[in-house]
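**Student:**
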Amino acid sequence: MQDLKVNRRRFLQGSGGLLLGTLMFGSGPIALLAPSRSWAMEMNTLPSETASKLLLVVRRIYPHDRMEDAVYAFAVKALDERASADPSLLPQLEKGLSELDTLAGGNWSSLNENQQVALLEKIQDSAFFKQVRGTSVNSLYSNELAYEHFGYEGASFPKGGYLMRGFNDLKWLPAAPAEASPSAFS
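My numbering numbers the first residue of the sequence shown as 10 and each following residue consecutively.
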């Protein structure tokens, strides 16, 4: 029987890379679901450095101050899956990140948030930006960690619909004044 032991170095050599992080907001809804404060997502194609930079790009394109990087990591994983299926995508992503570094006059990631966003606005018509934005929007907002962050309960049909499940439980909106409601039919 073959030895199944895999040390850290051999694991890292055999994969595209790892995207690593720590939950920052310890009392948020995502932290309550997580078994620990540290997380890792394996990349099949993207090197770790590329994945980390892409996570920051996605965060700047879709900013949510208190959303954990772990949620954004699903968008990077979707880019990794596309890069695994399409060999031309990895060079496109790396070229786009390189262009951001060139525009930054060094390391785009080291700029402050406003400067990063300004440079992303400059390249918003590029194939790189469109690929990252298009892939990220679906994977970012279509996962249960994002649902948890936004307080979305998910699809209602499998749970019997909204009628008996609090369709009117909008706690974040003030109650409408009584005079705003139509009068009942007599």
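Built from N, CA and C at the ideal position, the CB exists for glycine as well.
These numbers were taken from a predicted model, which means no experiment stands behind them.
Quick check on A187: does DSSP put it in helix, strand or coil?
**Tutor:** Here A187 sits in helix by DSSP.
**Student:** Can you name, in chain order, every residue of its own chain whose Cβ lies under 8 Å from the Cβ of L120, other than the five neighbours on each side?
**Tutor:** A113, L128
**Student:** Report yes if the CB atom of L102 is closer than 9 Å to the CB atom of L63, and no otherwise.
**Tutor:** Here L102 is near L63, since their CB atoms are less than 9 Å apart.
**Student:** Compare the Cα-Cα distances from V141 to each of L154, Y156, A87 and report the closest residue.
**Tutor:** Selected option, being the one with the closest Cα: A87.
**Student:** Counting Cβ pairs, one atom from each stretch, are 3 or more of them under 8 Å apart for the segment 79-94 and the segment 123-137?
**Tutor:** no
**Student:** Give every residue of the same chain whose Cβ lies closer than 6 Å to the Cβ of R68, excluding the five residues on either side of it in the sequence, and list them in chain order.
**Tutor:** Y81
**Student:** Work out the CA separation of G105 and S24 for me, nearest whole Å.
**Tutor:** Residue placement at S24 is flagged as unreliable, the pLDDT there being 47, under the threshold of 50; the coordinate-derived value follows with that caveat. Looking at the two C-alpha atoms, the distance is approximately 22 Å.
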